[in-house]
Amino acid sequence: MPSSLPPAADLVAIVREFMERDILPGAKDAMWFNVKVATNLLATVERELRQGAQLDAAEDVRLRQFVDGGSREERVAALSEAIRTGRLDWQSEGLAEHLRQTCAEALAVNNPKWVG
């Protein structure tokens, strides 16, 4: 992306902040609800843009202790298959911690209030 353009996360934040500041306070009933949902979605997109690449990379490092080869998405699928077929289970070294961390990172993007 050309350096003269603001980062996408900043653009999303500007729209979200405008909606929260100028539209939401005057909205009523269904409009208030829809604007609230939209601002929450924009906040999620903003967090994804700011944190997503770093969190994906961290997950990928953890995945490599369980499965090799392919893309991160293919390693996720391979790990899921290994768990489903019983090749890996809760007793497998590091698996429970990997799953806990992966869930915590997803929540940090989807709704940080849920991470505790």
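Using full-length UniProt numbering, the letters of the sequence shown correspond one by one to residues 1 to 116.
Beta carbons are placed, not taken as given, at the ideal position from N, Cα and C, and that holds for glycine.
Fair warning: this is a prediction, and the values are worked out from it, not measured in the lab.
Backbone CA spacing between residue i and residue j [nearest angstrom]
i   : j    : result
E17 : R87  : 47 Å
L24 : A104 : 29 Å
P7  : A58  : 22 Å
R21 : S71  : 41 Å
E73 : I83  : 15 Å
H98 : A27  : 42 Å
Residues near residue i by beta carbon distance below 7 Å, same chain, minus five either side
i   : result
W90 : A96
K36 : L24
T44 : V109 and N110
6 Å Cβ shell around residue i - same chain, five flanking residues per side excluded
i   : result
L41 : none
F66 : L79
Residue i versus the options, residue with shortest Cα-Cα distance
i   : options                : result
E46 : R72, I14 and A77       : I14
Q51 : A106, E81, T85 and M19 : A106
Beta-carbon contacts of residue i that lie in its chain and below 8 Å, excluding the five residues immediately before and after
i   : result
R64 : R75
Pair within 8 Å by beta-carbon distance, residue i and residue j
i   : j  : result
L49 : A9 : yes
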